[in-house]
Amino acid sequence: MGNLDSLQMQGISKSYDGTQALREVDFSAAIGEVHAIVGENGAGKTTLVKILAGALERDAGGILLDSEPVELGTPLRARRLGIRAVHQEFSLVPHLTVTENILMGQMPTGRLKWWVDWPTAHHRAEEILQEIGFTGINVRTPVSRLSVSHQQMVEIAKAVAERPRILILDEPSAVLSQEELKRLFALIQILKKESTLILYISHRLDEVFEVADRITVLKDGELVGTVHSQETDQGQLIKMMVGRTLGEIYPRRHTQPGKEILTVKGLSREDSFADVSFSLARGEILGLFGLVGSGRTQMARCIFGAEPPTSGEIRLEGKVFRSKSPRDAVKTGIALLTEDRKRDGLVMSCSIRDNVSLATMQQVSRWGFLDRRQQDAQVQSEVQELDIRPAQIGRLVRTLSGGNQQKVVLAKWLLSQAKVLILDEPTRGVDVATKIEIYHIIGDLAERGVGIVFISSELPEILGMSDRALVMREGRLVGEFTRAQASEESLLASAAGVIQ
Ligand SMILES: Nc1ncnc2c1ncn2[C@@H]1O[C@H](COP(=O)(O)OP(=O)(O)OP(=O)(O)O)[C@@H](O)[C@H]1O
Ligand SMILES: [Mg+2]
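If you want my numbering, it's the position in the sequence shown, counting the first as 1, plus 517.
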């Protein structure tokens, strides 16, 4: 395989029945470069890289590699040309082992080709993981049993295993911890030296500035421009992305937290967290910070009734609450926005309407009949309030961009009229403008008296949003900070177990 000097995508257009996702985009990138692609939710980033990966057909335009036109009609053809992608959505086969997923299609076989040489296969998968610096994953485990962040690392390993010439990473960091992100960045530097072109999509601009040589901005399906990261700053980039400068990022709060609404005492669950106690007041935003894997998600799931605790007590408005199922929790007034919208937040093959109203069926059904009109009106108003695009409630969720899917999850819980809302990474995969919208919606909910547990791995938003912040490490609460005490240093030190 010869060296790749350049990639050119010329006049690329693509529409999905009616939605013009890309309009005559001219994009080019060079060998050995990390090239970030940024833009609001629905700007067309995923569509562009899917066309390059052969996962989507374009309507018009041409693609040149080393100035030679190429046809990338299928993922296999793209792969033969050395193009590999880690897509935004999950693409592993859950019941197969890590080894099988990494070596998919190239498992070593025995002499007669009809049995798999397992020891060699596992060994090779281990080698691949080790070589790229992703350690601590048992290759014999079925992928479905790994944490979301480990699944993501397996996806990356699978793509890198063949040493692609072009590596596409569509929001790889959304589910990685800081430590894992560091390892990914180290890997990117190695690949870059080996003359790989890396296309990197992310909504986290600090990350983009850290890793990218150049940045291309897409907006509403058009290419706004390409800039050198050295020659620009976040403010300028945001302006290119949204077409305006943004106002206040975090909402100003006017009311004080009220009466205690949720009390958690000595809550434990074997193997994931132990002895967690805290309380939450009406109208309070309680930040919950911790590194990925610190037990925050499991704890949230326990309160919600998605997993039973092994011991401990939960009280809602003073009354003992023993949730047997999420449905129970929703009925009583506790809602959970999950971090993994693909796995349990959304039904991809259903419409916006059906997804949003899942949590609210009770309110709009009378004597067992569903009042469609009332339901539609409610859903429509949420769709408007959150600016979900396109604003058609009959749209299948599968056809929305990643960030808009996240807004659908949020809409669902906003309609549920919860008293306690647990938000697990609510802004993951969401663009800057939408993030700010979500912060303000959360602020409004708190003003209305909803008690909010705000789980996030992004320190700035924990600091910007919370009245109080808790820190979790290795399954235990290790710190509590008032707004005045909380700082980046204090929270990070506490989450990492460093004594100050
Ligand atoms: N399968 C599909 N069917 C119909 N419309 C689609 C489909 N996939 C994407 N779209 C639309 O195409 C546009 C571009 O979507 P795309 O997923 O490329 O955006 P994105 O920039 O990756 O956004 P995000 O940051 O939210 O992931 C959006 O308006 C989206 O609604
Ligand atoms: Mg996308």
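Each residue gets a CB set at the ideal place from its N, CA and C atoms; glycine is no exception.
Residue burial classification, residue i (beta-carbon count within 10 angstroms, cutoff 16)
i       : result
GLN605  : buried
ALA703  : exposed
LYS929  : buried
MET518  : Residue placement at MET518 is poorly supported in this model, since its pLDDT is 39, which falls under 50; the coordinates still yield a value, given next. That one is exposed.
GLY752  : exposed
ALA894  : exposed
GLY822  : buried
ASN921  : buried
ASP888  : exposed
GLU688  : buried
ARG1028 : There is simply no residue 1028 to check, as the chain begins at 518 and stops at 1017 in what is shown.
SER866  : exposed
ILE732  : buried
ASP941  : buried
VAL610  : exposed
THR616  : buried
GLY850  : buried
ARG912  : buried
GLY528  : exposed
LEU593  : exposed
MET670  : buried
HIS667  : buried
GLU1006 : exposed
GLN773  : exposed
Pick from the options that is closest to residue i, judged by C-alpha positions
i       : options                           : result
GLY1014 : SER811, SER746 and GLY920         : SER811
VAL551  : ASN558, SER746 and ILE645         : SER746
ASP984  : PRO977, LYS936 and ALA1001        : ALA1001
ILE720  : ASP634, GLU964, LEU932 and VAL949 : Rather than Ile, the amino acid found at residue 720 in this sequence is His. Considering only alpha carbons, the answer is VAL949.
VAL587  : GLY835, LEU524 and GLU787         : LEU524
SER1025 : GLY590, ILE548 and ILE554         : No answer is possible for residue 1025: the residues shown for the chain start at 518 and end at 1017.
GLN934  : VAL873, GLU727, SER973 and ARG890 : VAL873
ARG799  : LEU962, ALA678 and THR658         : LEU962
LEU722  : VAL947, ASP792, ARG990 and THR626 : VAL947
HIS612  : VAL566, PRO659, VAL725 and THR626 : PRO659
Presumed contact (8 Å Cβ cut-off) between residue i and residue j, rounded CB distance
i      : j      : result
ARG601 : PRO681 : 4 Å
LEU693 : LEU684 : Rounded, the Cβ-Cβ distance is 16 Å, inconsistent with contact.
ILE958 : ILE969 : Actually they are not in contact, since the Cβ atoms of ILE958 and ILE969 sit about 11 Å apart, beyond 8 Å.
GLY760 : LYS736 : 7 Å
PHE795 : VAL988 : Not a contact, Cβ separation roughly 11 Å.
Jot down the residue ranges of each uninterrupted beta strand (DSSP E) in the region 584–670, minimum 3 residues, whole runs only, in chain order.
600–603
If we require 3 or more residues per run, which beta strand (DSSP E) segments fall completely within the region 898–959?
937–941
Continuous alpha helix (DSSP H) assignments of at least 4 residues falling wholly in the region 955–1002:
976–982
For ligand 2, which residues count as neighbours when the test is a C-beta closer than 7 Å to any heavy atom?
LYS562, THR563, GLN605, ASP687, GLU688, ILE718, SER918 and GLY919
As an exercise, report each continuous beta strand (DSSP E) stretch of at least 3 residues that is fully enclosed by the region 799–882, in chain order.
802–807, 828–833 and 851–854
Of all the alpha helix (DSSP H) runs that stay within the bounds of the region 693–740, which reach a length of 4 or more residues?
695–710 and 722–728
List in chain order: all unbroken alpha helix (DSSP H) runs of 4+ residues lying wholly within the region 737–796.
751–759
Run through the region 531–592 for me and flag every whole beta strand (DSSP E) of 3 or more residues, listed as ranges in chain order.
536–547, 551–555 and 577–582
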